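Participant:
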Ligand code: 3Y8
Ligand code: NAP
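In my numbering, the protein residues as written are 21 to 270.
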């Protein structure tokens with residue numbers, strides 16, 4: 021009898037939660053509580069941190085979790101690292117449902133940077149009009165480059181004004197479309213896009229739009245994550261669970 025913990029917060033997590041619910045598999049979807057209204061899930065959900073590795077071990081034992089599916093975002097490296105250690109300690113099988121990194125197409129004008137601070141360093145240049153679509157949590161790190169105009173896309177309206185004197189906030193949650201993102205870039209006369217290499221489809225629209233407009237992209241590589249079993253489809257997770265319906269290609 022399965023009792024899953026799905027570490028959520030992505031398109032893939034929602035897709036898997038739907039498949040598990042349809043297959044009658046019991047589980048809980050977990051969110052950090054980063055946004056005001058996390059997307060409704062077809063399974064019970066919990067919101068908030070576990071309290072580090074030990075907190076997660078305690079949760080796994082107390083809730084008799086049989087399997088953990090880490091379907092968090094590739095940049096949620098602390099959560100994923102904690103899951104590797106906690107599942108090993110608690111003896112609970114773990115699989116990561118992740119998505120391959122985006123790869124530059126021939127017409128893409130990407131400059132790869134290793135992390136957020138690499139993107140900040142690359143912005144030490146005369147004033148540009150920058151679409152900064154990396155969310156809210158790292159905005160303060162871009163304060164050393166106030167010379168740029170920043171188009172900021174956030175899930176929730178910021179509680180305090182972002183520390184960037186010349187900015188426009190757009191409150192909008194994905195998934196987005198390339199057409200809308202292209203129109204947005206033209207409306208704001210954007211000449212540079214900053215993006216995490218999130219992979220998947222939900223954030224890719226701005227990459228397609230930048231390609232079509234011939235705009236350069238500062239592409240932030242994803243952080244390293246401890247070794248764990250990784251799959252990229254819902255069907256592979258079902259097979260990993262040894263779920264009879266796996267052959268139905270769910
Ligand atoms: C709280 C839970 C679904 C999930 C949808 C995906 C796609 C849309 C695109 C841009 C990029 C960004 C951001 C983004 C996308 C999906 C996915 C994805 C990027 C929600 C969600 C939660 C979050 C947290 C939020 C972060 C922020 C990052 C916005 C739900 C909507 C920029 C990542 O205000 C904040 O504190 C926001 C924080 C972490 C990154 C950051 O540093 O600010 N996601 N996003 C999860 C939790 O509490 O555990 O409501 O669905 C989920 C989604 N956001 O089922 O449809 O799968 O990636 N999320 C990035 O890629 O750079 C937006 O604007 O182009
Ligand atoms: P993170 O930096 O890796 O995690 C920091 C801490 O937040 C974790 O140690 C854990 O706290 C808590 N946490 C993170 N994800 C959680 C979850 N799903 N359920 C319960 N607690 C969680 O994580 P993050 O980058 O802030 O991402 C937070 C959430 O947003 C995740 O659900 C992720 O999938 C989603 N998301 C993130 C991004 C992104 O760009 N980072 C993009 C899209 C979606 P404790 O140590 O107390 O357990």
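Ideal placement from N, C-alpha and C gives every residue a C-beta, glycine not left out. Only a predicted model underlies this, so the values are computations on that prediction, with no experimental measurement involved.
May I ask whether a heavy atom of the ligand 3Y8 can be found less than 6 Å away from the beta carbon of residue 157?
Facilitator: It does: the Cβ of residue 157 is within 6 Å (strictly closer) of some heavy atom of the ligand 3Y8.
Participant: Can you pull the DSSP bridge partners for residue 213?
Facilitator: BP columns for residue 213 point to 151 and 237.
Participant: For residue 165, is the classification buried or exposed, using 16 other Cβ atoms within 10 angstroms of its Cβ as the cut-off for buried?
Facilitator: Answer is buried; the Cβ neighbour count reaches 16.
Participant: Buried or exposed for residue 60, please, with buried defined as at least 16 other CB atoms from any protein chain shown within 10 angstroms of its CB.
Facilitator: Label assigned to residue 60: exposed.
Participant: Is there contact here, the segment 143–154 with the segment 199–215, by at least three beta-carbon pairs under 8 Å?
Facilitator: In short, these stretches touch, since the Cβ pair count reaches three.
Participant: How close, in whole Å, do the beta carbons of residue 138 and residue 45 come, if the pair is a contact with beta carbons under 8 Å?
Facilitator: Not really, about 41 Å apart at Cβ, beyond 8 Å.
Participant: Distance check for residue 58 and residue 194, CA to CA, integer angstroms please.
Facilitator: Answer to the nearest angstrom: the Cα atoms are 12 Å apart.
Participant: On the CB-based measure, 16 or more other CB atoms within 10 Å of its CB, does residue 23 come out buried or exposed?
Facilitator: With fewer than 16 other Cβ atoms within 10 Å, it is exposed.
Participant: Based on the DSSP secondary-structure assignment, which residues constitute the bridge partners of residue 188?
Facilitator: Residue 188 is bridged to 171.
Participant: Quick one: which unbroken beta strand (DSSP E) runs of 3-plus residues sit fully inside the segment 95–144? Chain order, please.
Facilitator: Qualifying beta strand (DSSP E) stretches, in chain order: 114–117 and 129–133.
Participant: Buried or exposed: which applies to residue 154, given that a residue is buried once 16 or more other Cβ atoms fall within 10 Å of its Cβ?
Facilitator: Flag for residue 154 reads buried.
Participant: Given a threshold of 16 other Cβ atoms within 10 Å of its Cβ, counted over all protein chains shown, does residue 270 qualify as buried or as exposed?
Facilitator: For residue 270, the predicted structure reports a pLDDT of 40, less than 50, and the residue's modelled location is therefore unreliable. A value from the coordinates is still provided. With 16 or more Cβ atoms within 10 Å of its Cβ, residue 270 is classed as buried.
Participant: Shorter than 6 Å, the distance from the beta carbon of residue 60 to the closest heavy atom of the ligand 3Y8, or not?
Facilitator: It does not: the Cβ of residue 60 is nowhere closer than 6 Å to a heavy atom of the ligand 3Y8.
Participant: Under 6 Å Cβ to Cβ from residue 90, same chain only, skipping five residues before and after it: list those, please.
Facilitator: If we look at residue 90 and ignore the five residues flanking it on each side, its Cβ neighbours are 27, 100, 103 and 116.
Participant: How should residue 186 be labelled, buried or exposed, when 16 other C-beta atoms within 10 angstroms of its C-beta is the threshold for buried?
Facilitator: That one is exposed.
Participant: With H, G and I counted as helix, E and B as strand and the rest as coil, what does DSSP make of residue 203?
Facilitator: Of the three classes helix, strand and coil, the one that applies to residue 203 here is helix, per DSSP.
Participant: For residue 227, which three-state DSSP category applies?
Facilitator: Residue 227 falls in the helix class under three-state DSSP.
Participant: Residue 37 and residue 63 - do their beta-carbons sit closer together than 7 Å?
Facilitator: Yes. Within cutoff.
Participant: Report yes if the CB atom of residue 81 is closer than 7 Å to the CB atom of residue 105, and no otherwise.
Facilitator: The answer is no: Cβ separation not under 7 Å.
Participant: For a test of your reading of the model: does the CB of residue 103 fall under 6 Å from any non-hydrogen atom of the ligand 3Y8? Yes or no.
Facilitator: Checking the Cβ of residue 103 against the ligand 3Y8 gives no.
Participant: So the beta strand (DSSP E) residue 23 belongs to, where does it begin and stop?
Facilitator: Residues 23–27.
Participant: Where residue 39 and residue 226 are concerned, what is the direct C-alpha to C-alpha distance, given to the nearest angstrom?
Facilitator: For residue 39 and residue 226, the distance between alpha carbons rounds to 28 Å.
Participant: Under 6 Å from any heavy atom of the ligand 3Y8, does the C-beta of residue 236 make it?
Facilitator: No - the ligand 3Y8 has no heavy atom lying nearer than 6 Å to the Cβ of residue 236.
Participant: If you draw a straight line from the alpha carbon of residue 268 to that of residue 223, how long is it in whole angstroms?
Facilitator: For residue 268, the predicted model reports a pLDDT of 48, less than 50, meaning its position is unreliable; a value from the coordinates is still stated below. Cα to Cα, residue 268 sits roughly 29 Å from residue 223.
Participant: Below 6 Å, is the gap between the Cβ of residue 177 and the nearest heavy atom of the ligand 3Y8?
Facilitator: Not under cutoff, so the answer is no.
Participant: Across which residues does DSSP place residue 47 in a beta bridge pair?
Facilitator: BP columns for residue 47 point to 24.
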